[in-house]
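Residue numbers (our numbering): 350 to 1307. Scroll down for the structure; my scribbles are underneath it.
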């Protein structure tokens, strides 16, 4: 017994009874109170306690729900039933008497003389006497609202009913998943919708059993999905369960393409990419690489599994320390040879004893080292081939990844060899001998990581052995030599921005004594030698200079005359931008080399790339537009920025208002200049399969456009997300207001959120703006920025701003005018009084002018109801009067506000109904594994007898 209880025991009444009850129930099987786990901030704003009563619920309309041994089961059976499965719900009245016997499987609290109750799996409504007012017939049932409307579900579909159980309002369509009402007049309603999935063939699939697709899985159109109870399984392309939802989680390693780990009641199992399950289960499992798993058996042994779930190796317990991981490989070291397990390889690669993986990034190759000096002793190619017996390998000191191949050099920088993706050394001894003395310049591919091979790219260019000498050339991709005695230098003409047409051969600029020319990678001449200068190709054209004349050259070798200008540059498809002045910021003009005409005289600040008959240009005033080949406006110059998305679409930003901090309006425009998506703040766009474009706005609205810019999908208030090649359509929740007949009084939309009506006013928030509306939906006021709340029974709306731990609460009147600002976290204002928390665990009262009411410092505090308010100090709840003085001592772990002259209080093991003097009217304790109801004099009210094993009389023989 806690010291606090002993100290106040002599006061008698409720405390004496509470102390006695603790002696009766030595060990509680289920608690009677609990701290609030969710919604703590909302309860604080509503001035409700931060602990809840469980054994007896709070009083509503003179009735308190109570969970007791079922009236229709023998008491001995109840005592033997697991947990509280033999208990049912009934109700106490405000005198503490059992007014409605415990026969219901579940109940809600009373609202407007009716409470929802469930019996034999179906819900209905009971009146204050416990009789059925609406017979049980529904799958679920919610509380009635003031206008007499409630929402129920029947056969999985929500509907509205009146107090006679008759449907009201228009039926909800099939897309509606759930409906929630908030009390008030008119009634606030919130609709949520089933998720729809669009398959690549355009078919719509409705999620079943509230299925939620999490992510694509495998290669057969499968998905990891979860059901309404957050159980995970695998769904097929038709959204039927391939693996039933039974797991607490299913996870796949990043970039993993093989196994998924499934966690269930019987341990961890694996699911293959085709949806089949791997036999057996494990105690623990972790991915070591993208496709190799470490799975621990019940006996501690560890299996290494490949991407199909096959066991590659079984290690004894404790041997995992011998493993090391390097991206796609697992290395097992021992006293003898080293085994290397690779993604995609069934058998390990055997390495010499003592081998380790080089920690430098050489992927997709792996380099191994061994010995005291860490000498390179092997190279494992991307296909798993081991190169380890080459005599020159021991001389290798450095490695470099170039265009998907691996270059090895000795300590002096001499090239030893180049290894290809199949593990083959590409350079023969004869080739290496021929290269002696020639500087080599590796030719890097367009892949910035150099991990992939650009097949047509030679390995390197070969410079002359002596300055001014000949015999320059190329080291071809297969390791063969291409050299000519007359070649003085070779350089790449086709870089990453060359703009070469698909399939066009790479070209190289060759300098000879007769001039410059072009050859391909096999040495075939593309442009005869004799030019004075040749530039690299840019946007499909190179500059060729000969005898004082500059011309353009395309990839087919055709020349085009160019104007003699100060500055000129290729912008694609035969167009060149030029300046005729050397002045800084001189304007640009446009010349069409193919048509040999000036498209535009110098007038533009900037000129972008020309493709598909259009180019973006910037006017002198900074505005961007798009011109056609005839220099007419395809898109008028009225945008702050323009980005080409594809041949059919432009992404445009409108100029922001001066000094505005809001996101700019953006739009998607077709090549005809017509918007495909209306100007929208914060609009974003991402590529999708088939060249399509997904566009989305912060408010959830989304659009899907085809590759040629046609709108394919734009459903009202619907967000579109990509799931692999599938689309997930999530319609935003809709909020509005209903009249007593279930019809729309204020139409619903998905662009904002609303509050329940209080005293003829409600809040409606859209984006950063919160408005006060009347019962017809008309705006009567606009509130300052920030989140605003209007809990039930509050005389004012209020907002709490937290700036670096310094909270400020603003209260506004019914017309949206701020009437009061105070420091701290405030609650609803009721009876001219609100709770204010100056800091954590430091609560008091203020009046409607913000003045403190007394000097109070409680850990939790409510507003006076019938003259008393709950208050917590020292971790315990009691009740204080309007001056903040305790009249019922703080000895409880939970307490409700007073209603109808009574309140519910609880300790860990017991719950009681007390009157305003703190006298107990009823108590629920735990005896013999079940809950027992006692009256004000400690007489047992329910059950009428105790089980035989607990001293009760045996049941009479039938």
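Ideal Cβ positions, reconstructed from N, Cα and C, are used throughout, including at glycine. Computed from a predicted model, the values in this text were never measured in an experiment.
Taking the alpha carbon of residue 959 as the reference point, which residue from 701, 950, 980 and 1287 has its own alpha carbon closest?
Along the chain shown, one-based indexing puts residue 959 at 610. When each option's Cα is compared against that of residue 959, the closest is 980.
Sorted by chain position, which residues of the same chain lie with C-beta nearer than 6 Å to residue 1293's C-beta, five sequence neighbours on each side aside?
Position 944 of the chain shown, counted from the first residue, corresponds to residue 1293. Around residue 1293: no qualifying Cβ.
Is it right to say residue 537 is buried, meaning 16 or more other beta carbons lie within 10 angstroms of its own, or is it exposed?
As a working note, residue 537 is residue 188 in the chain shown. Its Cβ being crowded by 16 or more others within 10 Å, residue 537 is buried.
Starting from residue 394, trace the alpha helix (DSSP H) both ways and give me its first and last residue.
Locating residue 394 in the chain shown gives position 45, where the first residue counts as 1. 389-394 is the extent of the alpha helix (DSSP H) around residue 394.
Got a sec: is the Cβ-Cβ distance from residue 1101 to anything in chain C below 9 Å?
Protein chains in the displayed structure number just one, and chain C is not present.
When burial is assigned at 16 or more other CB atoms within 10 Å of the CB, is residue 623 buried or exposed?
What you label residue 623 is simply residue 274 of the chain shown in a count that begins at 1. Exposed, by the Cβ-count rule.
Starting from the C-beta of residue 864, find all residues in its chain whose C-beta is less than 7 Å away, skip the five residues before and the five after it, and write them out in chain order.
Here residue 864 corresponds to residue number 515 of the chain shown, with the count starting at 1. Within the same chain, residue 864 has close Cβ partners 878, 879, 880 and 881.
If you count every other CB in all the chains shown that lies within 10 Å of the CB of residue 364, and 16 or more means buried, which is it?
Numbered from 1 along the chain shown, position 15 holds the residue referred to as residue 364. Only weak support exists for where residue 364 lies, its pLDDT of 36 falling under 50; the value from the coordinates is given anyway. Buried, because 16 or more other Cβ atoms sit within 10 Å of the Cβ of residue 364.
Am I right that residue 408 and residue 443 are in contact with their C-beta atoms under 8 Å? What's the rounded C-beta distance?
The residue given as residue 408 occupies position 59 in the chain shown. The residue given as residue 443 occupies position 94 in the chain shown. The beta-carbon distance between residue 408 and residue 443, rounded to whole angstroms, is 7 Å. This is short enough to meet the 8 Å contact definition.
Under three-state DSSP, which class holds residue 1137?
Locating residue 1137 in the chain shown gives position 788, where the first residue counts as 1. Note: residue 1137 maps to strand in three-state DSSP.
Report the residue from 574, 1172, 594 and 579 whose alpha carbon sits nearest the alpha carbon of residue 586.
As a position in the chain shown, residue 586 is number 237, starting the count at 1. When each option's Cα is compared against that of residue 586, the closest is 574.
With a threshold of 16 other CB atoms inside 10 Å of the CB of residue 1234, please say whether the residue is buried or exposed.
Mapped onto the chain shown, residue 1234 falls at position 885. Looking at its Cβ environment, which holds fewer than 16 other Cβ atoms inside 10 Å, residue 1234 is exposed.
Check this for me: beta carbons of residue 1004 and residue 1030, under 9 Å apart or not?
Translated into positions along the chain shown, residue 1004 becomes position 655. Translated into positions along the chain shown, residue 1030 becomes position 681. No. Outside cutoff.
With three or more C-beta pairs closer than 8 Å as the rule, is the region 819-834 touching the region 886-899?
no
In the structure shown, what three-state DSSP assignment does residue 1038 receive?
Position 689 of the chain shown, counting from 1, holds the residue named residue 1038. Residue 1038: helix per DSSP, three-state reduction.
Taking buried to mean at least 16 other C-beta atoms within 10 Å of its own C-beta, is residue 1305 buried or exposed?
Stepping through the chain shown from its first residue, residue 1305 is reached at position 956. With a pLDDT of 43 at residue 1305, under the threshold of 50, the predicted position of this residue should be treated as unreliable, though the coordinate-derived value follows. Residue 1305 is exposed by the Cβ-count criterion.
How about the region 527-542 and the region 561-573: do they share at least three Cβ pairs that are nearer than 8 Å?
no
If you draw a straight line from the C-alpha of residue 905 to the C-alpha of residue 1061, how long is it?
The sequence position of residue 905 within the chain shown is 556, counting from 1. The sequence position of residue 1061 within the chain shown is 712, counting from 1. Between the alpha carbons of residue 905 and residue 1061 lies a gap of roughly 39 Å.
When we look at the beta-carbon of residue 1136 and count the other beta-carbons within 10 Å, is it buried (16 or more) or exposed?
In the chain shown, residue 1136 corresponds to position 787, counting from 1. It counts as exposed.
Note down, in chain order, each residue of its chain lying with its Cβ closer than 6 Å to the Cβ of residue 1299, except the 5 sequence neighbours on either side.
Position 950 of the chain shown, counting from 1, holds the residue named residue 1299. Excluding sequence neighbours, residue 1299 sits near 1277.
Here's the rule I'm using: 16 or more other beta-carbon atoms within 10 Å means buried, otherwise exposed. How should residue 1108 be labelled?
The sequence position of residue 1108 within the chain shown is 759, counting from 1. Exposed, because fewer than 16 other Cβ atoms sit within 10 Å of the Cβ of residue 1108.
Thinking C-alpha only, which one of 400, 463 and 379 is nearest residue 387?
Taking the first residue of the chain shown as position 1, residue 387 is located at position 38. For residue 387, the nearest C-alpha among the options comes from 400.
Is it right to say residue 1181 is buried, meaning 16 or more other beta carbons lie within 10 angstroms of its own, or is it exposed?
Within the chain shown, numbered from 1, the residue matching residue 1181 stands at position 832. Residue 1181 comes out exposed.
Can you check which of these residues, 1056, 731, 1122 and 1071, is closest to residue 1095 by C-alpha distance?
Taking the chain shown and counting its residues from 1, one reaches residue 1095 at position 746. The option with the nearest alpha carbon to residue 1095 is 1122.
Checking the sheet assignment: what are the DSSP bridge partners for residue 1209?
Translated into positions along the chain shown, residue 1209 becomes position 860. Residue 1209 is bridged to 1221.
Let me know the secondary structure DSSP gives residue 1104 once reduced to three states.
Taking the first residue of the chain shown as position 1, residue 1104 is located at position 755. Of the three classes helix, strand and coil, the one that applies to residue 1104 here is coil, per DSSP.
Going by alpha carbons, who is nearest to residue 759 out of 769, 741 and 1210?
As a first step, residue 759 must be located in the chain shown, where it is residue number 410. That would be 741, whose Cα lies nearest to the Cα of residue 759.
Using beta-carbon positions only, say whether residue 1251 and residue 439 come within less than 9 Å of one another.
The residue labelled residue 1251 in the question sits at position 902 within the chain shown. The residue labelled residue 439 in the question sits at position 90 within the chain shown. Not in contact: residue 1251 and residue 439 (Cβ atoms no closer than 9 Å).
Do the region 672-691 and the region 628-644 make contact, defined as three or more Cβ pairs closer than 8 Å?
yes
List the residues that DSSP assigns as beta-bridge partners of residue 1191.
Position 842 of the chain shown holds residue 1191. According to DSSP, residue 1191 bridges with 1188.
How is residue 520 classed by DSSP in three states: helix, strand or coil?
Taking the chain shown and counting its residues from 1, one reaches residue 520 at position 171. Coil at residue 520, not helix or strand.
Does the Cβ of residue 710 have 16 or more other Cβ atoms within 10 Å, making it buried, or fewer, making it exposed?
Position 361 of the chain shown, counting from 1, holds the residue named residue 710. Burial call: exposed.
Out of 1279, 1288 and 1283, state which residue places its alpha-carbon closest to the alpha-carbon of residue 379.
Here residue 379 refers to the residue found at position 30 of the chain shown. Closest in C-alpha terms to residue 379, from the list 1279, 1288 and 1283, comes 1279.
May I have the straight-line CA-CA distance separating residue 464 from residue 1071, to the nearest angstrom?
Here residue 464 corresponds to residue number 115 of the chain shown, with the count starting at 1. Here residue 1071 corresponds to residue number 722 of the chain shown, with the count starting at 1. Whole-angstrom Cα-Cα distance: 44 Å.
Where does residue 1035 land, buried or exposed, given buried means 16+ other C-beta within 10 angstroms?
Indexing the chain shown from 1 puts residue 1035 at position 686. Residue 1035 is exposed by the Cβ-count criterion.
Taking just the CA atoms, how far does residue 1140 sit from residue 433?
Counting from one through the chain shown, the residue named residue 433 turns up at place 84. Counting from one through the chain shown, the residue named residue 1140 turns up at place 791. In a straight line, the C-alpha of residue 433 is about 34 Å away from that of residue 1140.
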